[in-house]
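Visitor: As given, the protein sequences belong to chains P and F, one line each in that order. If you're matching positions, the first sequence starts at 1 in full-length UniProt numbering and goes up one per residue. If you're matching positions, the second sequence starts at 1 in full-length UniProt numbering and goes up one per residue. After the C-alpha cells below, expect a handful of questions from me.
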Amino acid sequence: MFDFLFLVFSSLRDLGMENGNGGNLQQLFQRLVAVIYDILQRLFFMVLSVGPIPNHIAFIMDGNRRYARTRKLGPGAGHKAGFSSLIRVLECCYKMGVKYVTVYAFSIDNFKRDPCEVQSIMDLMLEKIDELLREESIVNNHGIRINFFGDLKLLSKPVRMAAEKAMAETAKNTNVVLSVCVAYTSTNEIVHAVQESCKEKLARAQVISDVNAEIRNSFGGYTKPLEEEYSITLEDLERHIYSAEIPDPDILIRTSGETRLSNFLLWQTTFCYLHVLDALWPDISPWWLGWVILHYQRAKPYIDKNKAL
Amino acid sequence: MVSLQLPLSTINNKIFSHFNPKPASCLCRVGNRSRAFPCNKYSIFRGGEGTITTATAEEERLLPDELRPELMPKHVAVIMDGNGRWARQRNLPTSFGHRAGVRALTDLIDLCCKWGIRVLTVFAFSTENWLRPKLEVDILMSLFEMVLKEELKILMRQDVRISVIGDSKKLPKSLQKLKTEVEDTTKNNSGLQLIIAISFSGQYDIVQACKSIVEKTKDGVIQPNDITEAVIEQELETNCTKFPHPDLLIRTSGEQRISNFLLWQLAYTELAFVKSLWPDFGKADFVDALCEFQQRKRRYGGRDS
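The structure is reproduced here in C-alpha cells:
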C-alpha cells in the first residue's frame with residue numbers, strides 16, 4: 001500500500017517538474033499537479049510535526065554510482081544527481097524544522113578509488129561550493145551555515161580554500177547547520193581529538209611545573225604536580241572532536257541498503273537511532289525522510305526511557 | 001509531546017533493514033539460495049590462525065547448508081537486549097529474563113564453537129547500566145558470578161578462552177577475583193575466544209586508552225603528533241584478541257542503535273537488528289543473521305572491481 005503511495009507521489013513530483021513542449025493546457029495541468037504535490041507534502045509535514053521532530057539527522061549518502069549505472073548515465077552523473085538529492089533533503093529538513101544535518105560526502109578510505117573518480121568528485125565539490133555561495137542559493141535563502149569536518153589537509157589547495165571560504169561566509173547563518181564530512185573518518189577524528197587533548201594536557205602540566213618551580217625558588221616550598229592534571233577525561237575528548245559545538249545526531253540514515261557505519265560518526269552515534277533505506281541516495285525524496293521520522297517517533301519513547309540499553 | 005503510534009509492524013516492505021528472523025525451515029533458505037552463491041558441500045572450512053583445514057564429515061554436517069564455510073565471520077559481537085521485556089511478557093520478575101538470557105548465550109557459544117567462529121563478544125553490562133535500580137544491579141552481578149562458576153568446566157571442555165573487558169574497579173571484589181581466576185584458567189585454551197563486556201562502553205574504552213597514551217606522552221615515550229590509529233588500537237581493551245574488529249554485530253529485541261558498545265571497533269562491522277528478544281534468540285535466528293552477512297559486499301570505502 002505504501003509502496004503504491006510513494007510511486008504515486010514520485011510520479012506527481014516528476015510530472016510537475018517536466019518542462020512540457022505542449023500547449024497551455026498541458027502547462028496548466030503540470031502546474032496543477034505541482035500545486036497538489038506541494039499541498040500533499042505540506043499536509044504530510046503537518047502530520048509529522050504532531051510528534052517529536054529530530055533536532056539532528058545524519059546521512060550516509062550511498063548509491064550515487066549505482067544510480068548512474070542502472071540508468072546508463074555518464075561518469076560523474078551519479079554524484080551530480082546525489083548533490084541534487086542533497087539540496088532536496090536540505091529543503092525538506094528546513095521545512096520540517098530539523099536544525100542540524102550532517103552528511104558523509106567523502107571518506108579518507110575513498111581516496112583508494114580510481115584517481116579519475118576522486119578528481120571528478122573534487123571538481124564537483126568545487127563547483128557546488130561556488131554554486132551554494134551565490135546570492136540566490138538555498139544556503140542564503142534559508143540561512144544555512146556550512147561546516148566542513150575532516151582532515152582538510154588531505155584535500156588539494158583549491159578545494160580546501162573553497163571549503164574554508166564557505167565556512168567563513170556562512171558563519172553568520174543560524175537557521176540550519178549543514179556539516180559536510182570530507183576527507184573524514186571517525187577514527188581519524190578520534191585520533192585528532194586525542195592528539196589535541198594530549199597537547200593541551202602537556203601544555204597545562206608544563207605551566208603548573210613552571211609555577212611550582214617559581215614557588216620552590218622564591219619561597220623554598222615544595223609542591224607536587226597534581227596527577228589529575230595529566231589524566232584525560234571524556235569531556236576533554238569531546239571538546240576536541242570536530243562536532244564539539246553540535247549536538248549528537250538523533251537519527252542516522254544510510255541509503256542503498258548497506259547496513260554498516262563505514263567509520264562515520266562512531267563517537268556521536270552511540271545512542272542514535274539507525275535506519276537503513278534500500279533506496280539509492282539520488283532517489284531519496286521527502287517521503288522517504290518522513291517515513292524514517294515516523295519510525296523514529298515510534299521508537300523515541302523507548303529510546304528516551306532506556307538510553308542505557 | 002504526543003508520539004504517533006502507527007501499526008507499522010504489519011507493513012511488509014523492503015524499506016526497513018529491520019531484520020525479521022524467520023524459522024529456518026521457511027523462505028529464507030530458499031530465497032537466499034536464489035541470490036547466494038551455489039551451495040557447495042565443501043569439506044573445507046577455515047580453521048584457526050588463517051589456515052584452511054579439512055573438516056571431517058561430522059563437522060561438515062554441523063554447518064547448515066545455507067552457510068558458506070569460507071564466508072563465516074571471524075568475530076561476532078552481540079548486544080543481548082530484551083531480557084526484561086521477555087520476563088514482563090510472561091509476568092515474571094526481571095531476574096528470570098536474565099536467567100533465560102544465560103541459556104540463550106550458552107547455546108550461542110556452543111554454535112560458535114561448532115561453526116569455527118574465532119571470537120564472540122557479548123555486551124553483558126554497560127557503564128550506563130550502573131544507573132539501574134541497585135537491586136537489579138546486585139542481582140546481575142550475582143548472576144555473572146554464578147554463571148562464570150557454573151559454566152567454567154563446560155567452557156574448559158569446549159576449549160573456550162574467556163576474557164572480560166570493562167572497568168573492573170567498579171565490580172564487586174568477589175567478581176573481580178573470579179574474573180582473574182577465570183582468565184588465568186582459560187588463557188591457554190585455543191578454541192573460541194569469548195569476550196564478556198561487563199561495566200564497559202565504547203567511549204570508556206577509548207578514554208582509558210587515551211589515559212595510557214597521555215602517560216606515555218608525559219614520559220616522553222611518544223610525542224602527541226606521533227599518535228596514530230594503530231597506537232590507540234594497541235591500548236584498547238580488545239587488544240586481548242587477534243581479531244579485535246567484529247565482522248558482524250547482532251542486536252536483538254528490534255532496537256536499532258549501538259548503545260555505546262565497541263565504538264572504535266565497529267567502524268566497518270555489518271549490523272544486523274533482530275526482532276527476537278534475547279532469550280528467544282536461537283539457532284534459526286543466528287543462521288538467518290549469518291546468511292544475511294554472507295550476502296553483503298564489504299568494500300571498506302573502495303569500489304567493487
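Glycine residues also receive a C-beta, built at the ideal position from the N, C-alpha and C atoms.
1) Which class does Asn147 (chain P) belong to by DSSP, given the choice of helix, strand or coil?
2) Closer than 6 Å by C-beta to Glu214 (chain P): which residues in its own chain qualify, once you throw out the five before and the five after it? Chain order, please.
3) Any beta carbon from chain P within less than 8 Å of Ala267 (chain F)'s own beta carbon?
4) May I ask which residues mark the beginning and end of the beta strand (DSSP E) holding Glu270 (chain F)?
5) Between which residues of its own chain and Gly143 (chain P) is the CB-CB distance below 8 Å, once the five residues before and five after are set aside?
6) Scan the stretch 80-122 of chain F and note each continuous alpha helix (DSSP H) run of 4 residues or more that stays entirely inside, going in chain order.
7) Based on DSSP bridge pairs, tell me the residues matched to Ala58 (chain P).
8) Could you pull the DSSP bridge partners for Ile165 (chain F) from this structure?
9) Compare the C-beta of Phe271 (chain P) against all C-beta atoms of chain F and say whether one is closer than 8 Å.
10) Distance cutoff 8 Å, beta carbons only. Does Trp86 (chain F) sit that close to anything in chain P?
11) Straight-line CA distance for Asn32 (chain F) to Glu292 (chain F)?
12) For Ala77 (chain F), which residues does DSSP report across the bridge?
13) What does DSSP give as the partner residues of His275 (chain P) in its beta bridges?
14) Can you give the Cα-Cα distance for Ile251 (chain P) and Ser209 (chain P), rounded to whole angstroms?
15) Can you find a CB in chain P that lies within less than 8 Å of the CB of Leu236 (chain F)?
16) Taking only runs that begin and end inside the stretch 141-186 of chain F, name each unbroken beta strand (DSSP E) of 3 or more residues, in chain order.
17) Mind checking Asp130 (chain P): buried by the 16 CB within 10 Å criterion, or exposed?
18) Using the beta-carbon of each residue, which ones in chain F are nearer than 9 Å to residue 310 (chain P)?
19) Using beta-carbon positions only, say whether Ala197 (chain F) and Thr121 (chain F) come within less than 8 Å of one another.
20) From Arg296 (chain F) to Asp285 (chain F), what does the alpha carbon distance come to, in whole angstroms?
21) Output yes if chain P places a C-beta closer than 8 Å to the C-beta of Asn239 (chain F); else output no.
22) Distance, Cα to Cα, Val50 (chain P) vs Met96 (chain P)?
23) Taking the DSSP output, what are the residues bridged to Ser179 (chain P)?
24) State the Cα-Cα distance for the pair Lys305 (chain P) and Ala68 (chain P), rounded to the nearest angstrom.
25) My assumption, with CB atoms under 8 Å, is that residue 306 (chain F) sits in contact with Ser126 (chain F). Please give the rounded CB distance.
26) Residues of chain F with CB closer than 8 Å to the CB of Asn212 (chain P), please, in chain order.
27) Do the stretch 249-265 of chain P and the stretch 41-57 of chain P meet, that is, are 3 or more Cβ pairs less than 8 Å apart?
28) Quick one: is Thr217 (chain F) buried, meaning 16 or more other Cβ sit within 10 Å of its Cβ, or exposed?
29) Would Asp62 (chain P) and Ser256 (chain P) qualify as a contact pair, given that the criterion is a beta-carbon distance under 8 Å?
30) Compile a chain-ordered list of the residues in the stretch 274-288 of chain P whose CB is closer than 7 Å to at least one CB of chain F.
31) Please state the DSSP three-state secondary structure of Tyr67 (chain P).
32) Do Asn129 (chain F) and Gly101 (chain F) come within 8 Å of each other at the CB atom, strictly closer than that value?
33) Could you have a look at Ser212 (chain F) and say whether DSSP puts it in helix, strand or coil?
34) Residues in the same chain with beta-carbon distance under 8 Å from Leu152 (chain P), minus the five sequence neighbours each way, listed in chain order, please.
35) According to the neighbour-count rule (16 or more other Cβ atoms, all chains shown, within 10 Å of its Cβ), is Glu150 (chain F) buried or exposed?
36) Could you have a look at Ser218 (chain P) and say whether DSSP puts it in helix, strand or coil?
Guide: This is what the structure gives:
1) strand
2) none
3) yes
4) Glu270 to Phe273
5) Asn173, Thr174, Asn175 and Val176
6) 83-89 and 94-114
7) P:Thr102 and P:Leu252
8) F:Ala197
9) yes
10) no
11) A caution first: Asn32 (chain F) carries a pLDDT of 35, below 50, which makes its placement in the model too unreliable to give a value.
12) F:Thr121 and F:Leu249
13) P:Ile253
14) 45 Å
15) no
16) 161-165
17) exposed
18) No statement about residue 310 (chain P) is possible, as the shown extent of chain P runs from 1 to 309 and does not include it.
19) yes
20) 17 Å
21) no
22) 11 Å
23) P:Thr102 and P:Asn147
24) 43 Å
25) The displayed coordinates of chain F run from 1 to 305. Any statement about residue 306 (chain F) would go beyond what the structure contains.
26) Ordered by position in chain F, no residue passes the 8 Å Cβ test against Asn212 (chain P), which lies about 15 Å from the chain.
27) yes
28) buried
29) yes
30) Leu274, His275, Val276, Leu277 and Asp278
31) helix
32) no
33) helix
34) Arg160, Ala163, Glu164, Val182 and Ala183
35) exposed
36) helix
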